[in-house]
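Visitor: Residue numbers (the numbering used here), protein chains in the order written: chain Z, 21 to 385; chain D, 99 to 452; chain H, 121 to 202. The beta carbon of each residue, even a glycine, is placed where N, CA and C say it ideally should be. Could you have a look at this structure, given as structure tokens, before my questions?
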Amino acid sequence: MKYLDEYRDADLTRKLLADIQKTVTRRWTLMEVCGGQTHSIIRSGLDRMLPPEIELVHGPGCPVCVTPLEQVDKAIALASLPNVIFTSYGDMLRVPGSAQDLFAVKAAGGDVRVVYSPLDALKIARDNLGKTVVFFAIGFETTAPANAMAVLQAKAQGLTNFAVLVSHVTVPAAISALMDSPDVQVDGFLAAGHVCTVMGFWEYEPLVEKYKIPIVVTGFEPVDLLHGILKCVRQLEAGRHTVENAYGRSVSREGNKPAQAVIQQVFEMTDRAWRGIGVIPMSGYRLRPEFAFFDAELRFPEVQAIETKESPLCISGLVLQGRKKPSECPAFGRECTPQTPLGATMVSSEGACAAYYRYGRYSNH
Amino acid sequence: MTDKPNLLGWTCPRPLQNYPTIVMGHGAGGRMMADLIEHLFAPAFDNEWLRQMGDSTALEQLMEMGQRLAFTTDSFVVSPLFFPGGNIGELAVYGTVNDLAMRGAKPLYLSAGFILEEGLPMETLGNIVTAMAAACKKAGVNIATGDTKVVQKGHGDGIYINTSGLGVIPADVDIGPANAQPGDVVLVSGTMGDHGIAVMSVREGLTFETEIKSDTAPLNGLVEAMMEAGQIHCLRDATRGGLAAVLNELAGSSRVGIEFDERKVPIRPEVNAACEMLGLDPLYIANEGKLVAILPETAAEVVLSAMRQHEYGKEAAIIGRVVAEHPGLVTAKTAIGGIRVVDVPAGELLPRIC
Amino acid sequence: MCLGIPAKVIELYEANGMKMARVDFGGVIKEACMEYLPEVKVGDYTIVHVGFGLSILDEQEALETMELLRQIDAMGDEGRPA
Numbered sequence: 021m022k023y024l025d026e027y028r029d030a031d032l033t034r035k036l037l038a039d040i041q042k043t044v045t046r047r048w049t050l051m052e053v054c055g056g057q058t059h060s061i062i063r064s065g066l067d068r069m070l071p072p073e074i075e076l077v078h079g080p081g082c083p084v085c086v087t088p089l090e091q092v093d094k095a096i097a098l099a100s101l102p103n104v105i106f107t108s109y110g111d112m113l114r115v116p117g118s119a120q121d122l123f124a125v126k127a128a129g130g131d132v133r134v135v136y137s138p139l140d141a142l143k144i145a146r147d148n149l150g151k152t153v154v155f156f157a158i159g160f161e162t163t164a165p166a167n168a169m170a171v172l173q174a175k176a177q178g179l180t181n182f183a184v185l186v187s188h189v190t191v192p193a194a195i196s197a198l199m200d201s202p203d204v205q206v207d208g209f210l211a212a213g214h215v216c217t218v219m220g221f222w223e224y225e226p227l228v229e230k231y232k233i234p235i236v237v238t239g240f241e242p243v244d245l246l247h248g249i250l251k252c253v254r255q256l257e258a259g260r261h262t263v264e265n266a267y268g269r270s271v272s273r274e275g276n277k278p279a280q281a282v283i284q285q286v287f288e289m290t291d292r293a294w295r296g297i298g299v300i301p302m303s304g305y306r307l308r309p310e311f312a313f314f315d316a317e318l319r320f321p322e323v324q325a326i327e328t329k330e331s332p333l334c335i336s337g338l339v340l341q342g343r344k345k346p347s348e349c350p351a352f353g354r355e356c357t358p359q360t361p362l363g364a365t366m367v368s369s370e371g372a373c374a375a376y377y378r379y380g381r382y383s384n385h
Numbered sequence: 099m100t101d102k103p104n105l106l107g108w109t110c111p112r113p114l115q116n117y118p119t120i121v122m123g124h125g126a127g128g129r130m131m132a133d134l135i136e137h138l139f140a141p142a143f144d145n146e147w148l149r150q151m152g153d154s155t156a157l158e159q160l161m162e163m164g165q166r167l168a169f170t171t172d173s174f175v176v177s178p179l180f181f182p183g184g185n186i187g188e189l190a191v192y193g194t195v196n197d198l199a200m201r202g203a204k205p206l207y208l209s210a211g212f213i214l215e216e217g218l219p220m221e222t223l224g225n226i227v228t229a230m231a232a233a234c235k236k237a238g239v240n241i242a243t244g245d246t247k248v249v250q251k252g253h254g255d256g257i258y259i260n261t262s263g264l265g266v267i268p269a270d271v272d273i274g275p276a277n278a279q280p281g282d283v284v285l286v287s288g289t290m291g292d293h294g295i296a297v298m299s300v301r302e303g304l305t306f307e308t309e310i311k312s313d314t315a316p317l318n319g320l321v322e323a324m325m326e327a328g329q330i331h332c333l334r335d336a337t338r339g340g341l342a343a344v345l346n347e348l349a350g351s352s353r354v355g356i357e358f359d360e361r362k363v364p365i366r367p368e369v370n371a372a373c374e375m376l377g378l379d380p381l382y383i384a385n386e387g388k389l390v391a392i393l394p395e396t397a398a399e400v401v402l403s404a405m406r407q408h409e410y411g412k413e414a415a416i417i418g419r420v421v422a423e424h425p426g427l428v429t430a431k432t433a434i435g436g437i438r439v440v441d442v443p444a445g446e447l448l449p450r451i452c
Numbered sequence: 121m122c123l124g125i126p127a128k129v130i131e132l133y134e135a136n137g138m139k140m141a142r143v144d145f146g147g148v149i150k151e152a153c154m155e156y157l158p159e160v161k162v163g164d165y166t167i168v169h170v171g172f173g174l175s176i177l178d179e180q181e182a183l184e185t186m187e188l189l190r191q192i193d194a195m196g197d198e199g200r201p202a
């Protein structure tokens, strides 16, 4: 596939690894923000090929891991209602709520459907006028333009049986929160290439000034990731800290203006709880008041009064911030395994805990 | 791929025309059920054993000295009932035939149990049964006994089918999941991921335009050719959970490690593209006409050659080997030359956005 | 948040008042919304995420960067001739 295969070239990968090895003179800890990047790193085996001086910490860049427990429980409650067709991206189906996950709701007879695009959810609404279609609008800024368009389209098409459960989170505030936390020791960030495709990277310029750390916009394929790491490490070795773009074929400084305009039109900034981390001010989106009709939480007020209960054993939040390693969790490998996950970081195939579990078995032999 | 039966050509015999859909009476054991059997099931599956029409069927002596019976069962609940390249009827026959073949058995007889949902169109049932009959002929097996039940509307996905199968394992054959040895070669019979993506591509919310066909096929002929060519230690058809599930099962049963090269696994470009788009890993996607074989290194080339000459093994490939290290664990060399642990699949495969 | 796959635009059309395209993901054809890429043309490659085109891939930039990556010496400056 064009624009994919070239970036998985074994020779170029080897060369870039060698370049990085030649550049480093000491240990550096880098955080890649996006779950998709983590997935690619583990899937390609890149994490075990990097020079030992580079430690990659997997950041909270995965909607599976950071969607607040309250929203997951609300999703489960909505999906359990009769006459509701609950539509969601596949990622969310196995995320544990306080008592169960969406999969369990499906098994109990709830109409839960995986969709590839929010436009598919709209189609389901058009085809099922006798039921309410609720769409779980999660994700980072990358997914916000698509989710926003669904709301606009629902309004334009007069789809009164469509509603969204919004749980968007945004990256820059998360980076600030992480850097403000005393336990987090990150020397540089690999920013999320597709978030930046939408938002541009001008928002990171104040951050590099404030925290004096390099931030490199990075793609997802092995060559892209190594390109980002190399740029980051070269800055660190030279004592520089700026925003650089290692994903120029998709990202520009200003980003995608039409997409940003629609985000602005439909959403406004809000405080958001990040699962395991806590509330980060102005780190998420909610529907603007003029779209309140499409807010599932207002359409079904009964889901507001949900009591949530996180597993007392789960330390996902600390893992997500890079403050603890999965192996330091008392439940790791015992009560908590990929088959019986207590928290999101064990559910997600790129969650740090799932990755540790998999590789831990390999290293132990 | 061979021609599939003309499914639109099913014509309904007179007595059944009175009932365009299945009703509860068809499962009640009376006149209506007898009509269904007499005018739909029996003509389609007709053979000397089924004609006995007893509560159970008497089979003649199946085995000679030193041979063993192979016995298996499987239930088929796929939705949608018809998908590009196959349907639930074919799956029901080939799935069980293949389970027998994976032990080196010659498949002989099948039972067929139908659970029909009230409201299932008679024409749909007719088409499925016609497809099953054609599949039996292709695989060289006979349906010797069957059963029908009807459940109320809303209590089934149209139709569920259970088939059990009997086969005979030749005297000198020992093929089983615990037989893999370090040094053995691992091979696959063809492209991975076709069936799962074909089914997914017609599921609501995940459709795309390009037609990707299921690889539903009977593998007993291929297995026979393989056994004639050389010694086989293990055989497994890579159904639910895909190649990854099978390799993990074999590694676990044999208490060995398996290492393979991702780039050597044959995958159709469209299947690859669909997986990229949906965020899926082709190694975990179901197949319905592909097998994984583990055999001694000395037999590898000869068996591979025999496979490539067979209709269902044209793209067979060696993908890796069995090792003594990390018993129970499967690892793969990735495209960039790294190593990844290929874990047991977690559960249902889901598209992702992240 | 991030699964965005390159796809080639093979046809542009309108549906439900939105600019849409048929795109080719290396052999798999699907529809995608192009409302966020008003200048997209047939033949362009786009990054598609959950059925929406988010960027038009800059082929020139990609080729130049690839060349640079192949040639740079880690100790020296980017852009030094091979």
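With distances taken Cα to Cα, identify the nearest neighbour of residue 290 of chain D among D/341, D/394, D/264 and D/203.
Guide: Taking the first residue of the second sequence as position 1, residue 290 of chain D is located at position 192. Ranked by Cα distance from residue 290 of chain D, the options D/341, D/394, D/264 and D/203 are led by D/341.
Visitor: So is residue 118 of chain D buried or exposed if we call it buried at 16+ other beta carbons inside 10 Å?
Guide: By one-based count along the second sequence, residue 118 of chain D stands at place 20. Looking at its Cβ environment, which holds fewer than 16 other Cβ atoms inside 10 Å, residue 118 of chain D is exposed.
Visitor: Please confirm whether residue 141 of chain H has its beta-carbon closer than 7 Å to some beta-carbon of chain Z.
Guide: By 1-based counting over the third sequence, the position of residue 141 of chain H is 21. For residue 141 of chain H, the answer is no, since every Cβ of chain Z falls outside 7 Å of its Cβ.
Visitor: In terms of residue numbering, what span does the alpha helix (DSSP H) encompassing residue 179 of chain H cover?
Guide: In the third sequence, the residue the question calls residue 179 of chain H occupies position 59. 179-191 is the span of the alpha helix (DSSP H), which, as asked, contains residue 179 of chain H.
Visitor: Between the alpha carbons of residue 279 of chain D and residue 413 of chain D, how many angstroms are there, rounded?
Guide: As a first step, residue 279 of chain D is located in the second sequence; it is residue number 181 there, counting from the start. As a first step, residue 413 of chain D is located in the second sequence; it is residue number 315 there, counting from the start. Near 25 Å, if we compare the C-alpha coordinates of residue 413 of chain D and residue 279 of chain D.
Visitor: For residue 231 of chain Z, collect the residues of the same chain with a Cβ closer than 7 Å to its Cβ; drop the 5 residues on either side in sequence, then sort them by chain order.
Guide: One-based indexing of the first sequence puts residue 231 of chain Z at position 211. These residues qualify, in order along the chain: 199.
Visitor: Would you say residue 202 of chain H lies against chain Z (beta-carbon separation less than 7 Å)?
Guide: Counting from one through the third sequence, the residue named residue 202 of chain H turns up at place 82. With a pLDDT of only 38 at residue 202 of chain H, under 50, the local geometry of the prediction cannot be trusted, and no value is derived from it.
Visitor: For the putative contact between residue 196 of chain Z and residue 227 of chain Z, defined by C-beta atoms under 8 Å, what is the C-beta separation to the nearest angstrom?
Guide: Numbered from 1 along the first sequence, position 176 holds the residue referred to as residue 196 of chain Z. Numbered from 1 along the first sequence, position 207 holds the residue referred to as residue 227 of chain Z. Yes, they are in contact, since the Cβ atoms of residue 196 of chain Z and residue 227 of chain Z sit about 7 Å apart, within 8 Å.
Visitor: With the cut-off set at 7 Å, would you say residue 99 of chain Z and residue 122 of chain Z are in Cβ contact?
Guide: The residue you call residue 99 of chain Z lines up with position 79 of the first sequence. The residue you call residue 122 of chain Z lines up with position 102 of the first sequence. Yes; because the gap between Cβ atoms is below 7 Å, this pair is in contact.
Visitor: Jot down the residue ranges of each uninterrupted beta strand (DSSP E) in the region 235-296 of chain Z, minimum 3 residues, whole runs only, in chain order.
Guide: 235-238, 263-265 and 287-294
Visitor: At the level of alpha carbons, what is the spacing between residue 438 of chain D and residue 69 of chain Z?
Guide: Mapped onto the second sequence, residue 438 of chain D falls at position 340. Mapped onto the first sequence, residue 69 of chain Z falls at position 49. When rounded, the distance between both Cα atoms is 11 Å.
Visitor: What is the DSSP secondary structure of residue 199 of chain H, reduced to helix, strand or coil?
Guide: Counting from one through the third sequence, the residue named residue 199 of chain H turns up at place 79. Annotation note: pLDDT 43 at residue 199 of chain H (below 50); position unreliable, coordinate value reported separately. The answer is coil: DSSP assigns residue 199 of chain H none of H, G, I, E or B.
Visitor: List, from N- to C-terminal side, the beta strand (DSSP E) runs of 3 residues or more that fit wholly inside the region 161-207 of chain D.
Guide: 166-174
Visitor: Could you tell me if residue 102 of chain Z is buried or exposed, where buried requires 16 or more neighbouring beta carbons within 10 angstroms of its beta carbon?
Guide: By one-based count along the first sequence, residue 102 of chain Z stands at place 82. Label assigned to residue 102 of chain Z: exposed.
Visitor: In chain Z, which residues lie less than 8 Å from residue 167 of chain H when you measure between Cβ atoms?
Guide: Here residue 167 of chain H refers to the residue found at position 47 when the third sequence is read from its first residue. Within chain Z, the residues near residue 167 of chain H are 214, 217 and 270.
Visitor: Just checking, does the region 309-316 of chain D make contact with the region 381-388 of chain D on the three C-beta pairs under 8 Å criterion?
Guide: yes
Visitor: Pick from Z/365, Z/153 and Z/138: whose alpha carbon is nearest that of residue 131 of chain Z?
Guide: Mapped onto the first sequence, residue 131 of chain Z falls at position 111. It is Z/153 whose Cα lies nearest to the Cα of residue 131 of chain Z.
Visitor: Please check the pair residue 283 of chain D and residue 393 of chain D, which I expect to be a contact at CB under 8 Å, by giving their CB distance rounded to whole angstroms.
Guide: Sequence index remark: in the second sequence, residue 283 of chain D carries index 185 (1-based). Sequence index remark: in the second sequence, residue 393 of chain D carries index 295 (1-based). With 8 Å as the limit, residue 283 of chain D and residue 393 of chain D qualify as a contact, their Cβ atoms being about 6 Å apart.
Visitor: Consult DSSP for residue 226 of chain Z and reduce its assignment to one of helix, strand or coil.
Guide: Within the first sequence, residue 226 of chain Z is the residue found at index 206, counting from 1. The answer is helix: DSSP assigns residue 226 of chain Z an H, G or I state.
Visitor: Okay, do the region 154-174 of chain D and the region 259-277 of chain D touch, 3+ Cβ pairs below 8 Å being the bar?
Guide: yes
Visitor: I need the straight-line Cα distance from residue 274 of chain D to residue 441 of chain D, nearest angstrom please.
Guide: As a first step, residue 274 of chain D is located in the second sequence; it is residue number 176 there, counting from the start. As a first step, residue 441 of chain D is located in the second sequence; it is residue number 343 there, counting from the start. Near 22 Å, if we compare the C-alpha coordinates of residue 441 of chain D and residue 274 of chain D.
Visitor: Closest to residue 54 of chain Z by C-alpha separation, out of Z/225, Z/33, Z/135 and Z/159, would be which residue?
Guide: Residue numbering aside, residue 54 of chain Z sits at position 34 when the first sequence is read from its first letter. Minimum Cα distance to residue 54 of chain Z is reached at Z/159.
Visitor: For residue 184 of chain D, which residues of its own chain have a beta-carbon under 6 Å away from its beta-carbon, when the five flanking residues on both sides are left out?
Guide: Indexing the second sequence from 1 puts residue 184 of chain D at position 86. Closer than 6 Å at the Cβ level, and outside the excluded window around residue 184 of chain D, lie 312 and 314.
Visitor: At a CB-CB cut-off below 7 Å, which residues of chain H make contact with residue 289 of chain D?
Guide: Locating residue 289 of chain D in the second sequence gives position 191, where the first residue counts as 1. Simply none; closest approach about 13 Å.
Visitor: Should residue 149 of chain D go down as buried or exposed, given a rule of 16 or more other Cβ atoms within 10 Å for buried?
Guide: For the purposes of this step, residue 149 of chain D is identified with residue 51 of the second sequence, where counting begins at 1. Result: exposed.
Visitor: Along the region 173-187 of chain H, what residues have a CB closer than 8 Å to any CB found in chain Z?
Guide: For the region 173-187 of chain H, which is checked against every Cβ of chain Z, the residues closer than 8 Å are 174, 175, 177, 178, 179, 181, 182, 185 and 186.
Visitor: Counting beta carbon pairs with one atom in the region 36-54 of chain Z and one in the region 247-261 of chain Z, are three or more of them shorter than 8 Å?
Guide: yes
Visitor: Tell me the rounded alpha-carbon separation between residue 298 of chain Z and residue 109 of chain Z.
Guide: Taking the first residue of the first sequence as 1, we reach residue 298 of chain Z at position 278. Taking the first residue of the first sequence as 1, we reach residue 109 of chain Z at position 89. Approximately 24 Å between the Cα atoms of the pair.
Visitor: With 16 other CB atoms within 10 Å as the buried threshold, where does residue 245 of chain D fall?
Guide: For the purposes of this step, residue 245 of chain D is taken as residue 147 along the second sequence, with counting starting at 1. With fewer than 16 Cβ atoms within 10 Å of its Cβ, residue 245 of chain D is classed as exposed.
Visitor: Consider the Cβ of residue 150 of chain H: report whether some Cβ of chain D lies at a distance smaller than 7 Å.
Guide: On the third sequence, residue 150 of chain H is found 30 positions in, with the first residue counted as 1. Taking 7 Å as the CB threshold, residue 150 of chain H lines the interface with chain D.
Visitor: In this structure, how does DSSP classify residue 31 of chain Z when only helix, strand and coil are distinguished?
Guide: Against the first sequence, residue 31 of chain Z aligns to sequence position 11. Looking at residue 31 of chain Z - three-state DSSP - the assignment turns out to be helix.
Visitor: Using a beta-carbon distance cut-off of less than 7 Å, what residues from the region 64-76 of chain Z approach chain D?
Guide: 64, 65, 66, 68 and 69
Visitor: Specify, as a first and last residue, the run of the beta strand (DSSP E) that residue 103 of chain Z falls within.
Guide: Here residue 103 of chain Z corresponds to residue number 83 of the first sequence, with the count starting at 1. For residue 103 of chain Z, no beta strand (DSSP E) run applies, since DSSP gives it neither H nor E.
Visitor: According to the Cβ coordinates, are residue 156 of chain H and residue 126 of chain H closer than 7 Å?
Guide: Here residue 156 of chain H refers to the residue found at position 36 of the third sequence. Here residue 126 of chain H refers to the residue found at position 6 of the third sequence. No, they are not a contact pair.
Visitor: Quick check: the Cα distance between residue 350 of chain Z and residue 344 of chain Z, rounded to an integer number of angstroms?
Guide: In the first sequence, counting from the first residue as 1, residue 350 of chain Z sits at position 330. In the first sequence, counting from the first residue as 1, residue 344 of chain Z sits at position 324. Taking the straight line joining both Cα atoms gives about 11 Å.
Visitor: Using DSSP with H/G/I as helix, E/B as strand and the rest coil, what is residue 160 of chain Z?
Guide: Position 140 of the first sequence, counted from the first residue, corresponds to residue 160 of chain Z. Note: residue 160 of chain Z maps to coil in three-state DSSP.
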